[in-house]
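The listed protein sequences correspond, in order, to chains A and B. Take 1 as the starting number for the first sequence in the numbering used here and just add one per residue. Take 112 as the starting number for the second sequence in the numbering used here and just add one per residue. Glycine included, each C-beta is placed from N, C-alpha and C at the ideal position. Heads up: the structure comes next, in structure tokens.
There are 2 protein chains.
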Amino acid sequence: MNPDALRGHMDALLLSVLEREPLHGYAIIEALQQRSGGALSVPTGTVYPALRRLERIGHLSSEWATVGGRKRRTYRLTESGRRQLEGERSAWREFTDAIGSVLRPQTRASG
Amino acid sequence: MNPDALRGHMDALLLSVLEREPLHGYAIIEALQQRSGGALSVPTGTVYPALRRLERIGHLSSEWATVGGRKRRTYRLTESGRRQLEGERSAWREFTDAIGSVLRPQTRASG
DNA sequence: TACCTACATATAGAGAGCCTACATGTAGGC
DNA sequence: GCCTACATGTAGGCTCTCTATATGTAGGTA
């Protein structure tokens, strides 16, 4: 997967995996990998800063927990984040429609 | 359209509109707009440098022409560009499959 | 003890490409 | 003279993603 392709879609991915339940960063990375059938291997250096950014702009909230002696920062969607996710989903549809309509092979010059 | 979303897909778009016939930059911009149903308004500051980059790496070739007193640089796909376009198309499918499978709403924790 | 893997978070700096803004010029209508 | 459409181009900025690195716990094993 070309790294640049993810640009601008990271937020949608993170928001989406957090939709049904709060998760911590490490679990989010695993969820992305599982849900994409192994196609998405997002490095920690991408995910952690992105989560902090989403928290800073109010789409996520977080709290620390200790499980099995290890510290976790668990993120959950805010109301703002939930609305944002809706927007991201329709933006995704528009995006794929637009790019898809250009990429579709056209052998005739009929427009 | 969020500018970042285009990241890494510009090459595919340019290669694709040049598939059936050579075009100059300005015509490429119009073609992108028309084919996408108005969704894609790519600024000249994006297209011209991108075309030069694609020429530099061998996916396009160009030649100057004068039409109606105006100078045009017309770009055409090279063999390498044609192969690249094939690759971009399958990469696009993999990309949308991966993101799509994550974005799809999941209400149960069974997945 | 030493070492390894899995789990878990975080930051600094690099790299790349898309965008804004600007510069330049022709053709044609009013 | 002024405007719009046509046509190409560059400089600099911005932002995000990635690589590389640092830190630490828990548990297995030799």
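Can you confirm whether the stretch 176-195 of chain B touches the stretch 1-20 of chain A when touching is taken to mean that 3 or more C-beta pairs between the two stretches lie within less than 8 Å? no
Would you tell me roughly how many angstroms separate the C-alpha atoms of Arg167(B) and Leu18(A), rounded to the nearest one? 42 Å
Met10(A): which of Val102(A), Arg73(A), Ile28(A), Ala98(A) sits nearest, CA to CA? Ile28(A)
Could you work out which residue in Gly58(A), Arg76(A), Ile99(A) is closest to Ser16(A) when comparing CA atoms only? Arg76(A)
Would you say Ala161(B) reaches chain A, if we count a Cβ-Cβ gap shorter than 9 Å as a contact? no
Among Leu124(B), Leu151(B), Pro160(B), His135(B), which has the Cα closest to the Cα of Arg181(B)? His135(B)
Report the partner residues of Val67(A) according to the DSSP bridge assignment. Arg70(A)
For Leu125(B), which residues in the same chain have their Cβ closer than 7 Å to its Cβ, ignoring the five residues on either side in sequence? Ile139, Ala161, Leu162, Leu165
Three-state secondary structure (DSSP) at Arg187(B)? strand
Where does Ser61(A) sit, in a helix, a strand or coil, going by DSSP? strand
Check whether chain A comes within 9 Å of Val158(B), counting only Cβ atoms and requiring the distance to be less than that. no
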